[in-house]
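2 protein chains.
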Amino acid sequence: MEVGWYMKLVDLRVTEFLAELARGSPSPGGGSASALAGALAAALVAMVADLTLGKERYKDVEGLKGVSTKAVCLKTKMMCLVDEDSQAFDALLAALRLPQGSAEAKGKRDAEIQQATKMAAEVPLELARRSVEVLKLAEVVVRKGNVNAISDGGVAALLGEAAFRGGVYNVKINLSSLTDETYKKAVVQELGALEEQMAILTNRVTQVVDQRIRT
Amino acid sequence: MEVGWYMKLVDLRVTEFLAELARGSPSPGGGSASALAGALAAALVAMVADLTLGKERYKDVEGLKGVSTKAVCLKTKMMCLVDEDSQAFDALLAALRLPQGSAEAKGKRDAEIQQATKMAAEVPLELARRSVEVLKLAEVVVRKGNVNAISDGGVAALLGEAAFRGGVYNVKINLSSLTDETYKKAVVQELGALEEQMAILTNRVTQVVDQRIRT
C-alpha cells in the first residue's frame, strides 16, 4: 500500500495504518499517531455527550448538545492533522535533500529547511491547542454526562493528554533546529501557557473520574 | 457502515472507525480506543527499532532486532483487543437484556451477567499487561535507538501509558459490579503490581526523552 498525494493516511484501514506506522520509514511517525490519539479522544467525548442527550435521567443537563457538535468538529480537525503532520515531515526531508554545491544553493537549501521546519512545528502546535479544547469538553462530559459512560470520558481525557504531550514533543524537536529566535520565543511561551492549562484540566478530570470509578 | 460479526472494527478505514466511535452507541467505546492507542504505541516502537537497525552509526547496538519483532507481535495482539473489547461489551449488554420474569430466569440472567462482566474485565486487563510490555520496549528504543526518532519513541511511551490507564479504568468499572470476591481480589492485586511497574517505566522513559528533546 503506497501512501502519497492521492491516498490519505486516514483513508487507510486501521490495520493498514498501523502497518504503515510500524514500517521503518520516518513518516508517518509519532506526530501522526499523536494526532490520531487526539481524534480518538474527541470522538469519545462526542459519544458520551450523545449517550447523555435525550436520556430521561439527564433531561435537565444543559450544554451537552454544544459539546457534541464541538467534539465532532475537533475530531475532524485532528484527523486532518494526521496527514498534515506526515506531509510537513516529508517536505522537511525534501528540503534536507536539496543540493548544497554552491554558496547560493546552500543558502537556498538553508532557507527551505528553516521554512519546512517551521511548518513541521506548526502542525503539532495546532494539535496541542486542539487537545486542550478536547480536555475542556472531556471535563464537561465526565461531570455532567451519563455516568454509565464515565470510563469513556476518562479515556477521552487520557488520550487527549497523550495527544497533547506528543504534540509538545514534536514542536520542541523542531524548534531545536530553528534559527528564528523571535518565533521560537513566541512558541515556547505559548507552549508554556498550554501546558499550564492542560495540567489543571487533567488534574480536575482525573479527580472526577477516579471518584466515580470505584471497585 | 454496519459493524458486526462479519466486519471487524480494525478493518474499517480510520475515518470510519472514528465515526463509529463517535456515534452515541455504547460500543465501540473507551476500551477499544485504549486498545488502539496501545497498538499505535507498539507500532511506533517497531518503527524506531527499524530506523535504528542497519544504520552504520548504530551497528554496535544489540537487541533491537528482538525489540522490533516483539513490538510487531504486541501491535497485533492489541489490535485484536480493539474488537474483543467491543464484543465483550456487546455480550454484557445481551446478558442484561435477558428475561427476568421467574426466579429461575432471574438466576440464569444474574449468572450470565457475572460471566459476561468477568470477560469484559479480562480484555482491558490483558491490555494493561501488554501495555507494560510496550513500555519496556519503548525504554529500550529511547535509550539505544536512533536519536532522530526520539520523539517517536517518546510518543510510543505516552500512548502506551494512556492505553494502560484506559485499560485500568475499564477493568475497575467492570470489577465494581462483580460478586466473586476471590476473583476481584486477585485482579486488584495484579493491577496494583502492574501500576507500580508502569509508574517506574514511564518515569524512566520520560526522563530520557526530556533529556534528549531540548529546545
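Chains as they are written, first to last, in my numbering: chain Z, 1008 to 1222; chain G, 1008 to 1222.
Don't be surprised by glycine CBs; every beta carbon is placed ideally from N, CA and C.
In summary, residue 1154 (chain G) is exposed, with fewer than 16 beta-carbon neighbours lying within 10 Å of its beta-carbon over all protein chains present. A Cβ of chain G is located within less than 8 angstroms of the beta carbon of residue 1176 (chain Z). Contact annotation for residue 1180 (chain Z) against chain G: 1157, 1158, 1220 [CB-CB distance below 8 angstroms, chain order]. Under DSSP, residue 1136 (chain G) forms no beta bridge with any residue.
Chain-order list of chain G residues neighbouring residue 1024 (chain Z): 1021, by C-beta distance under 8 angstroms.
Taking a C-beta distance under 8 angstroms as the contact criterion, residue 1096 (chain Z) and residue 1021 (chain G) do not qualify as a contact pair. With contacts defined by Cβ atoms closer than 8 angstroms, residue 1208 (chain Z) and residue 1178 (chain Z) do not form a contacting pair. Judged by their CB atoms, residue 1099 (chain G) and residue 1047 (chain Z) are not nearer to each other than the 8 angstroms cut-off. In the structure shown, the three-state DSSP call for residue 1020 (chain Z) is strand.
For the options G:1180, G:1220, G:1064, G:1054, the alpha carbon positioned closest to that of residue 1144 (chain G) is the one of G:1054. Here the alpha carbon of residue 1062 (chain G) sits roughly 22 angstroms from the alpha carbon of residue 1105 (chain Z). Bounds of any alpha helix (DSSP H) do not take in residue 1030 (chain G), whose DSSP letter is neither H nor E. Excluding the 5 residues flanking it on each side, residue 1141 (chain G) has same chain C-beta neighbours closer than 6 angstroms at 1048, 1049, 1081, 1167, in chain order. Exclusion of the five residues before and after residue 1138 (chain G) leaves 1045, 1167, 1170, 1171 as the residues of its chain whose Cβ lies within less than 6 angstroms of its Cβ. Judged by DSSP in its simplified three-state form, residue 1108 (chain Z) adopts coil rather than helix or strand. Distances from the CA of residue 1128 (chain G) to each of G:1088, G:1031, G:1112, G:1016 were compared; the closest alpha carbon is that of G:1088. For residue 1047 (chain G), the enclosing alpha helix (DSSP H) begins and ends at 1037-1059. Restricting attention to alpha helix (DSSP H) runs no shorter than 4 residues, the stretch 1169-1219 of chain G encloses them at 1188-1219, ordered along the chain.
In the DSSP assignment, residue 1073 (chain Z) falls within the unbroken alpha helix (DSSP H) covering 1071-1103.
When the five nearest sequence neighbours on each side are left out, the beta carbons in the same chain lying within less than 8 angstroms of the beta carbon of residue 1059 (chain Z) are those of 1065, 1068, 1071, 1148, 1151, 1152, 1153, 1156, in order along the chain. In the three-state DSSP reduction, residue 1152 (chain G) falls in the coil class, being neither helix nor strand. The beta-carbon of residue 1169 (chain G) is placed less than 8 angstroms from the nearest beta-carbon of chain Z. The three-state secondary structure of residue 1067 (chain Z), taken from DSSP, is coil. Residue 1116 (chain Z) carries a helical assignment under DSSP once its states are collapsed to helix, strand and coil. Proximity of residue 1082 (chain G) to chain Z, defined by a Cβ-Cβ separation below 8 angstroms, is satisfied.
Secondary structure at residue 1015 (chain G): coil, using DSSP grouped into helix, strand and coil.
When only Cα atoms are considered, residue 1120 (chain G) and residue 1085 (chain Z) end up about 38 angstroms apart. When the alpha-carbon of residue 1091 (chain G) is set against those of G:1103, G:1108, G:1175, G:1039, the nearest one is in G:1039.
Here residue 1200 (chain Z) is not near residue 1174 (chain Z), since their CB atoms are 8 angstroms or more apart. The three-state reading of DSSP puts residue 1062 (chain Z) in coil, since its state is none of H, G, I, E or B.
Under the Cβ distance rule, residue 1028 (chain G) counts among the residues neighbouring chain Z, one pair being separated by less than 8 angstroms. Separation of residue 1110 (chain G) and residue 1211 (chain G) (C-alpha to C-alpha, rounded to the nearest whole angstrom) is 55 angstroms.
Around the beta carbon of residue 1017 (chain G), a 10 Å sphere encloses 16 or more other beta carbons of the protein chains shown; the residue is thus reported as buried.
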